[in-house]
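Residues 1 to 388 (the UniProt record's numbering) make up the sequence shown, in order. Where a beta carbon is used, it is the ideal one built from N, C-alpha and C, also for glycine.
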Amino acid sequence: MSPWGKMLLNARKQPASFKISIPEQQLSEFYALLKLSHIPPLTYESAHEDQKFGVNHRWMTNAKEHWLSKFDWRECEKHMNRSSHFKVPVEDRTSNTTFDIHFVALFSANADATPILLLHGWPGSFLEFLPIISLVKSHYTPETLPYHLIVPSLPGYAFSSPPPLDRDFRVEDIARVMNQLMLDLGFGSGYVVQGGDIGSKVARVIAVEHEACKAVHLNFGIMPEPQTADPSKYTALEKTGLQRGREFHRIGSAYALEHATCPSTIAFTKFLTWSDPTSTSSLDTILEAVTLYYLTDTFPKAIYPYRQLFTPGNIGAHENPIWRINKPFGFSWFPNEIAPVPRNWVESTTDEKLIYWREHEKGGHFAALERPETLWGDLKEFVDQVFA
């Protein structure tokens, strides 16, 4: 076992080590279907190189060719398995369900290490945080690391079991399961949660509803303009971010409506349009993420949170008054997020002072993947400030 994978003695449950290895037959079937897949003919819309109407024909054609001839899933498995993976049964009494939760971890040998729960969203996965895991490993040993890093696959994603079939499953349900995971790992005395995309909503709910969570850091906070907004305080970057948000709502949010209204029916384009143009993920990184989704049947099992968005009377997690953050709160702002919101919007969602804010000039929706040094630097600074 890796020295980073040694569990704490006070864990309620001992997770089982897990190695990613897709059966050869399943992989062969995937490549056969990929080879037979048809790229639609070139059209006016698909000829646009700016992704205005989605992934363009040239990019998709090149991606398929690369996927078949150069992409190597077994190399991806080697890359993933360089980190320590685990599975553990998490009992959720509210839904009367036991979830088999997959997670990646860096366990410190330091008894005083601060646990940090890192939460992904859609179309992400635990893969988003592997660059941060690698970065941390390069700077510490298990004996010197002052943190425990826990990167779970949310229910329905990758190697975690899906939500129950006999009841609705919402953001607050995910939060409850993730908190129980941390309690089972022995972190009931306190931990920090970080999240982007759907993970930011889950993190917010965890911070408000679960005592063991002592602080929360987000890098996503989409919401409508609050009544307390003060446009005179917007920075030039925030004004540009608001314009990007208006464009997202005008032409980029149809996917959410489809997820919400036809979830049984669509993620290349999001890795391209939601990223900072100066740091768009490599083709192999995108194909790794999409292949993982396909091989684990993630897509149909993972879009359930979007249904909640369009429930009559629903109030989004970040503007919902019942989820006003009442604990130390930090935020990292990236200009190429899909809908960056101003600082005073974020401040309106907390009963505590926003104790940490960093505004960056580069970075997008997949900050952990695009800018791991930046996001980790912010998170480390925030955690050290909270527990100083």
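{"Check": "Below 6 Å CB to CB, which residues in the same chain sit around residue 3 once its five sequence neighbours on both sides are set aside?", "Outcome": "142"}
{"Check": "What's the gap between the Cα of residue 106 and the Cα of residue 326?", "Outcome": "28 Å"}
{"Check": "Do residue 222 and residue 318 have their C-beta atoms closer together than 8 Å?", "Outcome": "yes"}
{"Check": "Could you give the distance in angstroms between the alpha-carbon of residue 26 and the alpha-carbon of residue 70?", "Outcome": "19 Å"}
{"Check": "Can you say whether residue 264 is buried or exposed, counting buried as having 16 or more other CB atoms within 10 angstroms of its CB?", "Outcome": "Residue confidence for residue 264 is low, a pLDDT of 36 falling below 50, so the modelled location carries little weight; the figure read from the coordinates is stated next. Exposed, because fewer than 16 other Cβ atoms sit within 10 Å of the Cβ of residue 264."}
{"Check": "Within the same chain, show all residues whose beta-carbon is closer than 7 Å to that of residue 113, passing over the 5 residues directly before and after it, in chain order.", "Outcome": "145, 146, 147, 148"}
{"Check": "If contact is defined by three or more beta carbon pairs under 8 Å, each pair taking one atom from either stretch, is the region 176 to 196 in contact with the region 111 to 130?", "Outcome": "yes"}
{"Check": "Specify, as a first and last residue, the run of the alpha helix (DSSP H) that residue 165 falls within.", "Outcome": "Counting along the chain, residue 165 falls outside any alpha helix (DSSP H), and DSSP gives it neither H nor E."}
{"Check": "Secondary structure at residue 69, three-state DSSP: helix, strand or coil?", "Outcome": "helix"}
{"Check": "Under 8 Å: do the region 199 to 212 and the region 232 to 243 share three or more Cβ pairs, one atom per stretch?", "Outcome": "no"}
{"Check": "Taking the alpha helix (DSSP H) that residue 28 belongs to, which residues open and close that run?", "Outcome": "24 to 36"}
{"Check": "Tell me the residue span of the alpha helix (DSSP H) that contains residue 357.", "Outcome": "Where residue 357 is concerned, there is no enclosing alpha helix (DSSP H), although the beta strand (DSSP E) it sits in stretches over 354 to 359."}
{"Check": "Report the start-end ranges of each alpha helix (DSSP H) in the region 110 to 186 that is 4 residues or longer and not cut off at the edges.", "Outcome": "130 to 139, 171 to 184"}
{"Check": "Taking the alpha helix (DSSP H) that residue 214 belongs to, which residues open and close that run?", "Outcome": "From DSSP, residue 214 is part of no alpha helix (DSSP H) but of the beta strand (DSSP E) over 213 to 218."}
{"Check": "Could you give the C-beta distance for residue 179 and residue 150, rounded to a whole number, given that I count them as a contact under 8 Å?", "Outcome": "Incorrect: roughly 12 Å between the Cβ atoms, too far for contact."}
{"Check": "Would DSSP call residue 234 helix, strand or coil?", "Outcome": "coil"}
{"Check": "Could you give the first and the last residue of the continuous beta strand (DSSP E) run that contains residue 86?", "Outcome": "84 to 92"}
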